[in-house]
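Each remark here refers to the structure printed beneath this line.
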Amino acid sequence: MAYKEILDQLTVKFEENANTELAKKMAQYMRNLFPFYGIQKQNRAVIAKPFLKELVKNSSHDVIAEIALTLWNKPQREYHYFCMEYVEKVQKLWQEHITIQLFENLIVTKSWWDSVDFIASHLVGKYFQKWDSKLPAIVDNWNTSDNMWLNRTAIIYQLSYKEKTDTDILTHVINTHSKSKVFFIQKAIGWALRQYGYANPEFVRAFVQNHALAPLSKREALKNL
């Protein structure tokens, strides 16, 4: 089955399960940046499961980006969630150059914390574990970018790395943005430190003590220590 037919069938199911009242509330929660069908996460997962399975089965190296961008270009946020879940499920088909370009495209378009955080931790983090030689140049570019969401990604892509976290990189990206007044950057710094704190609490305590961080970053970093 061609992927366009699968996506057409997905649209039918989304429309059948749309909830106008929930759609308004979900859009308001996301500051009305995106329209929603009004399908909550648990129900969306049930709806998406057979379509994800069929789409993965019909995927190849050369269509992943096309499928992802087709979904991303649709207005409703549920398509964007489906897109990210799809891309994660086809990670065996990722390609060194095309895939990271796709990720950057998704990060800087239709950006908000819900998409950027998933892409950073579930996609970018796994990509760099597969192609670590690409990491230094890309992370440095994102860390110094004028795009706040790329900055946030550079800070939090190691969220799931635990004891494998590269503390030199973590220290560098945090120091770059430690004076930032941006809420999403301050929060990201604290979150990245808090997550690493589960593996190395001594490092995090010492880091917070020895570095000038925003109060929000400090609170987030030490929340579970």
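Following our numbering, the residues of the sequence shown are numbered contiguously, the last one being 227. The beta-carbon is built from N, C-alpha and C at its ideal position, and this holds for glycine as well.
Euclidean distance between Cα positions of residue i and residue j
{"i": "LYS132", "j": "ILE157", "result": "19 angstroms"}
{"i": "ILE102", "j": "TRP96", "result": "9 angstroms"}
{"i": "SER61", "j": "VAL92", "result": "8 angstroms"}
{"i": "VAL110", "j": "ASN149", "result": "7 angstroms"}
{"i": "ASP10", "j": "ILE171", "result": "43 angstroms"}
{"i": "LEU218", "j": "ILE8", "result": "44 angstroms"}
{"i": "GLU98", "j": "VAL48", "result": "31 angstroms"}
{"i": "GLU87", "j": "ASP134", "result": "22 angstroms"}
{"i": "ILE176", "j": "VAL89", "result": "28 angstroms"}
{"i": "PHE53", "j": "SER123", "result": "23 angstroms"}
{"i": "LYS94", "j": "LEU137", "result": "19 angstroms"}
{"i": "PHE209", "j": "LEU104", "result": "34 angstroms"}
{"i": "SER113", "j": "PRO77", "result": "13 angstroms"}
{"i": "LYS27", "j": "PHE38", "result": "9 angstroms"}
{"i": "ARG196", "j": "LEU215", "result": "14 angstroms"}
{"i": "ALA25", "j": "PHE16", "result": "12 angstroms"}
{"i": "ILE100", "j": "PHE120", "result": "19 angstroms"}
{"i": "ILE227", "j": "GLY199", "result": "One point to set straight first is that residue 227 is Leu, not Ile, in the sequence displayed. Between LEU227 and GLY199, the C-alpha separation is close to 7 angstroms."}
{"i": "THR178", "j": "PRO203", "result": "22 angstroms"}
{"i": "CYS85", "j": "GLN211", "result": "40 angstroms"}
{"i": "ILE213", "j": "ALA20", "result": "Contrary to the premise, residue 213 reads as His rather than Ile in this sequence. Whole-angstrom Cα-Cα distance: 48 angstroms."}
Burial state of residue i, where buried means 16 or more other Cβ atoms lie within 10 Å
{"i": "GLN188", "result": "buried"}
{"i": "THR22", "result": "exposed"}
{"i": "ASN153", "result": "buried"}
{"i": "ASN2", "result": "An answer regarding residue 2 cannot be provided, because it is not within the stretch 3 to 227 covered by the chain."}
{"i": "ALA4", "result": "exposed"}
{"i": "LYS51", "result": "exposed"}
{"i": "VAL118", "result": "buried"}
{"i": "PHE185", "result": "exposed"}
{"i": "LEU35", "result": "exposed"}
{"i": "TYR129", "result": "buried"}
{"i": "TYR31", "result": "exposed"}
Residue range of the unbroken alpha helix (DSSP H) whose run includes residue i
{"i": "THR101", "result": "98-110"}
{"i": "LYS302", "result": "Residue 302 falls outside the range modelled here, since the chain spans only 3 to 227, and no answer is possible."}
{"i": "PHE38", "result": "No alpha helix (DSSP H) contains PHE38, which DSSP labels as neither H nor E."}
{"i": "ASN145", "result": "137-145"}
{"i": "ALA1", "result": "In this structure the chain extends from 3 to 227, so residue 1 is not present and cannot be described."}
{"i": "ARG46", "result": "43-59"}
{"i": "ARG33", "result": "Unbroken run through ARG33: none, as it is neither H nor E."}
{"i": "ASP10", "result": "5-18"}
Contact test: residue i Cβ vs the ligand ATP heavy atom, cutoff 8 angstroms
{"i": "LYS128", "result": "For the ligand ATP, the structure offers nothing, since it holds no ligand at all."}
What are the uninterrupted segments assigned as alpha helix (DSSP H) that are 4 or more residues long and contained completely in the region 147-175, given in chain order?
150-158
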